[in-house]
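Chemist:
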Amino acid sequence: MKMRKFFRMATAATLSVGLLAACGGQDDAAPAPDQADGDTEQIGSEDAEVELVFWEFGNTGYDVLIEEYVAENPHVSINLQNSDMNDLHDNLFTSISAGSGAPDIAMVETGSIERFKTATDAFENLYDFGASDVEGDFLDWVWRNGESADGSIQFGLPTDIGPTVMFYRTDVFEEAGFESSPEAVSELVATWDDFRDVAEQIQETTGKLMSDSAELIYNSRRDQATQQYFNTDNELIVDDHDQIRSAFTYAGELLQDNLVGDIELWTAEWFAGMGGDYAVMLAPAWMQGIIKDNEPEEGVWSITTMPEGAGNWGGSYLTVPSETEHAEEAYAFIEWLTAPEQQLKAFLGYGLFPSTPAVYEMEEFASFTDDYFGGIATAQIFGEAAQAVEPVYKGRNYYPVDDEFHEALDNIAGGADIDAEWEEALVRINRILERQQ
Numbered sequence: 077m078k079m080r081k082f083f084r085m086a087t088a089a090t091l092s093v094g095l096l097a098a099c100g101g102q103d104d105a106a107p108a109p110d111q112a113d114g115d116t117e118q119i120g121s122e123d124a125e126v127e128l129v130f131w132e133f134g135n136t137g138y139d140v141l142i143e144e145y146v147a148e149n150p151h152v153s154i155n156l157q158n159s160d161m162n163d164l165h166d167n168l169f170t171s172i173s174a175g176s177g178a179p180d181i182a183m184v185e186t187g188s189i190e191r192f193k194t195a196t197d198a199f200e201n202l203y204d205f206g207a208s209d210v211e212g213d214f215l216d217w218v219w220r221n222g223e224s225a226d227g228s229i230q231f232g233l234p235t236d237i238g239p240t241v242m243f244y245r246t247d248v249f250e251e252a253g254f255e256s257s258p259e260a261v262s263e264l265v266a267t268w269d270d271f272r273d274v275a276e277q278i279q280e281t282t283g284k285l286m287s288d289s290a291e292l293i294y295n296s297r298r299d300q301a302t303q304q305y306f307n308t309d310n311e312l313i314v315d316d317h318d319q320i321r322s323a324f325t326y327a328g329e330l331l332q333d334n335l336v337g338d339i340e341l342w343t344a345e346w347f348a349g350m351g352g353d354y355a356v357m358l359a360p361a362w363m364q365g366i367i368k369d370n371e372p373e374e375g376v377w378s379i380t381t382m383p384e385g386a387g388n389w390g391g392s393y394l395t396v397p398s399e400t401e402h403a404e405e406a407y408a409f410i411e412w413l414t415a416p417e418q419q420l421k422a423f424l425g426y427g428l429f430p431s432t433p434a435v436y437e438m439e440e441f442a443s444f445t446d447d448y449f450g451g452i453a454t455a456q457i458f459g460e461a462a463q464a465v466e467p468v469y470k471g472r473n474y475y476p477v478d479d480e481f482h483e484a485l486d487n488i489a490g491g492a493d494i495d496a497e498w499e500e501a502l503v504r505i506n507r508i509l510e511r512q513q
């Protein structure tokens, strides 16, 4: 079992226990953890009437924007606490289970929002504070992902997102005899059939892989599917449509034909491969910095659209736990922080890709270029990808199911049969789901 799967299963188990406690209201729940074990910064006047505790993860640069907010709203100070993403999620679940210790504002990663939706009483419904007035500011699919299945509850306001594109090596494409401009590559690899054809030619002429990871290819096709693992009743539906099976078979066949690799993500081998071992990486906007860190030469990597659409990998929501005594002030702050004007500043300052399409029309965004990627308008490419994403329901058991299909792809890379691995993955998935009923 790869570390990815072990970690996610352990985390999912922890979160499930937390939700059960939250919904059951156990009196003997463990005390809430101290989130302040991470980096803490008090921003604003000590004499402020209202202090908001804000839990965040990652390198957001929100401290700079908070300085601006408290200057305009001196009655508010903000205690900003930054920690590891998974620690934050675990601490938040423990807090809402215990009924104490939750912050006024909590950042939740987009892939985990479904798990938190189960504890509806633990979070304020942002529609009660006027969230419908700003709904039109956000991409529709991002907004829907933060909403309950029936549309009656909005759990969080969206911050950044991770629209996916095709990063590619211009030198590998040129060595294979192709033109390497973004426009030419986009036309060359317009469909997934094209992707395979190009992979075969690159393999034949250069001896290199088309892509580092069959997992990322599967993920890309999965994220383009209009239906994935569950319907809104949380029933498994992969046998009711062919989109996930097609994505799985496609990635498996590329593996069997040695056109793509089975390089485990986030390993030294994976990072080193960005130096020219493969032709493309299907990845989100935030992968730009990682590529730059592992390939210092400018101009060899470029960016274009993915075959047949786009997906999303990453992003977050700002939620307001119902334990807060300052719900109105908390909502006022997160509404300000996620507004287009602030999302533009977060993009320019820290590379957080906006979930508000109004930003895509702003001159500072539209004209943004990157010399590392050959001076192309990277923001514009990602903006077009963001607007091409289709909303899809994921469900609270999304990650356990997803991990089983990734495990099956790993087995195919080791020589296993595609059809047999699909069936065995379904057996494991149904066992997991039965245990959670």
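Start counting the sequence shown at 77; every next residue gets the next number (this note's numbering). We treat Cβ as the ideally placed atom computed from N, Cα and C, and that holds for glycine.
(1) Taking the beta strand (DSSP E) that G232 falls in, what are its first and last residues?
(2) At which residues does the beta strand (DSSP E) containing M183 begin and terminate?
(3) Taking 7 Å as the threshold (C-beta atoms), are F192 and I156 in contact?
(4) Could you work out which residue in L358, N506 and D226 is closest to I313 when comparing CA atoms only?
(5) Taking all protein chains shown into account, do 16 or more other C-beta atoms lie within 10 angstroms of the C-beta of E190, making it buried, or fewer, making it exposed?
(6) Give me the residue from A359, M183 and G177 with the minimum Cα distance to T235.
(7) For A355, which of helix, strand or coil comes out of DSSP?
(8) Quickly, what does DSSP pair D115 with across the bridge? List them, please.
(9) Would you check if the stretch 346-365 and the stretch 298-310 touch, i.e. whether three or more CB-CB distances between them fall below 8 Å?
(10) Let me know the alpha helix (DSSP H) ranges lying completely inside the stretch 461-497, each 4 residues or longer, listed in chain order.
(11) Identify, in the order they occur along the chain, each residue of the same chain with its Cβ nearer than 6 Å to the Cβ of E200, setting aside the five sequence neighbours on each side.
(12) Ignore the nearest five residues each way along the sequence and tell me which others in E345's own chain have a CB closer than 7 Å to its CB.
(13) Tell me the DSSP secondary structure of I339 in three-state form.
(14) Identify whether G101 lies in helix, strand or coil by the three-state DSSP scheme.
(15) By Cβ distance, which residues of its chain are closer than 6 Å to I508, with the 5 residues on each side in sequence left out?
(16) Taking C-alpha atoms, which residue in L285, F324 and S289 lies nearest to Q304?
(17) Closer than 6 Å by C-beta to D247: which residues in its own chain qualify, once you throw out the five before and the five after it? Chain order, please.
(18) How far does the alpha helix (DSSP H) with I367 in it extend, from its first residue to its last?
(19) Please classify R511: is it buried, with 16 or more other beta-carbons within 10 angstroms of its beta-carbon, or exposed?
(20) Using the C-alpha atoms, what's the distance from D446 back to S289?
(21) Is N295 buried or exposed, if buried means 16 or more other CB atoms sit within 10 Å of its CB?
(22) By Cβ distance, which residues of its chain are closer than 6 Å to F249, with the 5 residues on each side in sequence left out?
(23) Let me know if I494 comes out buried or exposed under the rule of 16 or more other beta-carbons within 10 Å of its beta-carbon.
(24) So for V152, helix, strand or coil by DSSP?
(25) Let's test the definition: count the other Cβ atoms within 10 Å of the Cβ of V274 and tell me whether it reaches 16, buried, or not, exposed.
(26) Measure the C-alpha to C-alpha separation of I119 and I181 and round it to an integer number of angstroms.
(27) Bridge partners for Y385 per DSSP, in chain order?
(28) Taking 7 Å as the cut-off, decide whether the C-beta atoms of V152 and A124 are in contact.
(29) Tell me where the alpha helix (DSSP H) around V396 begins and ends.
(30) Since F130 is in the beta strand (DSSP E), which residue starts that stretch and which ends it?
(31) Given this structure, state the Cα-to-Cα distance separating T196 from D160, to the nearest angstrom.
(32) Do V465 and N388 have their beta-carbon atoms positioned less than 7 Å apart in this structure?
(33) Measure the C-alpha to C-alpha separation of Q319 and A301 and round it to an integer number of angstroms.
(34) Output the distance between the C-alpha atoms of I379 and V241, rounded to the nearest integer angstrom.
(35) Starting from the C-beta of P360, find all residues in its chain whose C-beta is less than 6 Å away, skip the five residues before and the five after it, and write them out in chain order.
(36) Put K81 into one of helix, strand or coil per three-state DSSP.
Modeler: By the coordinates alone:
(1) Its beta strand (DSSP E) spans residues G232 to R245.
(2) In the DSSP assignment, M183 falls within the beta strand (DSSP E) that extends over I181 to E185.
(3) The amino acid at residue 156 is misidentified as Ile; the sequence shows Leu. At least 7 Å separates the beta-carbon of L156 from that of F192.
(4) Here the closest residue by C-alpha is N506.
(5) Within a 10 Å sphere around the beta-carbon of E190 sit 16 or more other beta-carbons, which makes this residue buried.
(6) The option with the nearest alpha carbon to T235 is M183.
(7) A355 falls in the strand class under three-state DSSP.
(8) Residue pairing by DSSP places D115 opposite N158 in a beta bridge.
(9) Touching, no, given that fewer than three Cβ pairs across the two stretches are closer than 8 Å.
(10) Listed in chain order, the complete alpha helix (DSSP H) runs (minimum 4 residues) inside the stretch 461-497 are 474-489.
(11) Cβ within range, chain order: V396, S398 and A403.
(12) These residues qualify, in order along the chain: I339.
(13) Here I339 sits in coil by DSSP.
(14) Only weak support exists for where G101 lies, its pLDDT of 34 falling under 50; the value from the coordinates is given anyway. Correct three-state label for G101: coil.
(15) Spatial neighbours of I508 in its own chain (CB-CB distance under 6 Å, excluding positions within 5 residues in sequence) are listed in chain order as P476.
(16) Nearest C-alpha to Q304: F324.
(17) Taking C-beta separations shorter than 6 Å and ignoring five residues to either side along the sequence, the partners of D247 in its chain run V376, following chain order.
(18) Per DSSP, I367 belongs to the alpha helix (DSSP H) from M363 to N370.
(19) A residue is called buried when at least 16 other Cβ atoms come within 10 angstroms of its Cβ; R511 does not meet this threshold and is exposed.
(20) If I take the Cα positions, the gap works out to 26 Å.
(21) Buried is the call here.
(22) The residues are S256.
(23) It counts as buried.
(24) V152: strand per DSSP, three-state reduction.
(25) Buried.
(26) Distance between the alpha carbons of I119 and I181: 15 Å.
(27) A quick correction: the sequence has Gly, not Tyr, at residue 385. Answer is M382.
(28) One thing to note: V152 has its Cβ within 7 Å of the Cβ of A124.
(29) Element bounds for V396: n/a, residue is neither H nor E.
(30) Taken as a continuous stretch (DSSP letters only), the beta strand (DSSP E) holding F130 covers V126 to F133.
(31) T196 and D160: Cα-Cα distance of roughly 24 Å.
(32) Yes, they are a contact pair.
(33) Straight-line spacing of the CA atoms in Q319 and A301 works out to 6 Å.
(34) Cα atoms of I379 and V241: separation of roughly 7 Å, rounded to the nearest angstrom.
(35) Counting only Cβ-Cβ distances below 6 Å, and skipping sequence neighbours, we find G238, T240, W389 and G390.
(36) In this prediction, K81 scores a pLDDT of 44, lower than 50, which makes its location untrustworthy; the coordinate-derived value is nonetheless stated afterwards. Reduced to three states, the DSSP call for K81 is helix.
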